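Numbering (the working numbering), first residue to last: 7 to 214. C-beta: ideal position from N, C-alpha, C; glycine also. Just so you know, these numbers come straight off a predicted model, no measurement behind them.
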C-alpha cells in the first residue's frame, strides 16, 4: 500500500516528512483557492527529496501546468478538475509525465464517463466531492467503489485518518486495484503543516 502525503508547503515540515515518514509521493497543490497553495517562490526553498513530487491542478491551462512541471521537477500531474479526455491526451503527449485523474465522489460514480480516461492515466484517485476540490476532511461512502469495473489502479482519499487503517486494508483485500492512499487534512496541525507523529503512526498501521 503506497502513501502519498499531499498539501506540503513548509520546507522544514517537508524535511521531517522525508526523513521520518518516507512517503512514496509528496503532493504539492497549485490551485490558488486552496489554503495549501504552493506559490512560485517555494520552488527555491523546497528540499531535494529523492521522492517523486505530484503536482495537483484544477482546470488549469496546459501552459501553466508545464511551467510548474519545470519549476518543481514534478514526476506526476494530478488533475482535480473537470479536465476532458482530449485535454488529458494532449497533456500526456506534451509532457510525457504520469497523469492521475481525480474523481470527485458524491452519491454515485458514472463509470462509463471514466472509461474515456482509462487508457490515458496511470491511476484514478477517488476523493470526496467538495466545492474546494479536496481537503475537506470528509469521507464518501466507500461501498460505491465495490462496483469499480476497471483493472486500472486507484488511490483512495477523502477524510482518511489514523483510525481508517483497518478499513483501508479490508477494502484493499476486496479490491486489488487499490494501489495507495492520499493523506491530507486529517494529518495536519494547520493547513499545509503535517503532524509527523500521526503520519508515522498511520504508516506503521498500514504497512506493519
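Sequence-distant residues of the same chain with beta carbon closer than 6 Å to residue i, five excluded per side
| i | result |
| --- | --- |
| residue 167 | 192 |
| residue 146 | 111, 134 and 164 |
| residue 159 | 129, 183 and 185 |
| residue 144 | 134 and 165 |
Proximity winner among the options, relative to residue i (alpha-carbon distances)
| i | options | result |
| --- | --- | --- |
| residue 56 | 72, 63 and 29 | 29 |
| residue 60 | 32, 44 and 108 | 32 |
| residue 188 | 37, 203, 176 and 170 | 170 |
| residue 17 | 50, 37 and 40 | 50 |
| residue 117 | 25, 213, 157 and 96 | 157 |
Own chain residues within Cβ distance below 7 Å of residue i, not counting five before or after
| i | result |
| --- | --- |
| residue 21 | 53 |
| residue 42 | 13, 15, 35, 141, 197 and 198 |
| residue 98 | 105 and 126 |
Coarse secondary structure for residue i, derived from DSSP in three states
| i | result |
| --- | --- |
| residue 41 | coil |
| residue 116 | coil |
| residue 175 | helix |
| residue 21 | helix |
| residue 110 | strand |
| residue 135 | coil |
Sequence-distant residues of its chain with Cβ nearer than 8 Å to residue i (five each side left out)
| i | result |
| --- | --- |
| residue 101 | 71, 72, 75 and 83 |
| residue 181 | 151, 152 and 154 |
| residue 6 | In this structure the chain extends from 7 to 214, so residue 6 is not present and cannot be described. |
| residue 203 | none |
| residue 172 | 211 |
Beta-carbon gap between residue i and residue j smaller than 7 Å
| i | j | result |
| --- | --- | --- |
| residue 8 | residue 124 | no |
| residue 108 | residue 131 | yes |
| residue 129 | residue 91 | no |
| residue 63 | residue 85 | yes |
| residue 44 | residue 206 | no |
| residue 175 | residue 148 | no |
Heavy atom of the ligand GDP within 6 Å of residue i beta-carbon
| i | result |
| --- | --- |
| residue 103 | This structure simply doesn't include the ligand GDP, nor any ligand for that matter. |
Identity of the residues DSSP links to residue i by a beta bridge
| i | result |
| --- | --- |
| residue 148 | According to DSSP, residue 148 bridges with nothing at all. |
| residue 129 | 106 |
| residue 35 | 43 and 62 |
| residue 9 | 187 |
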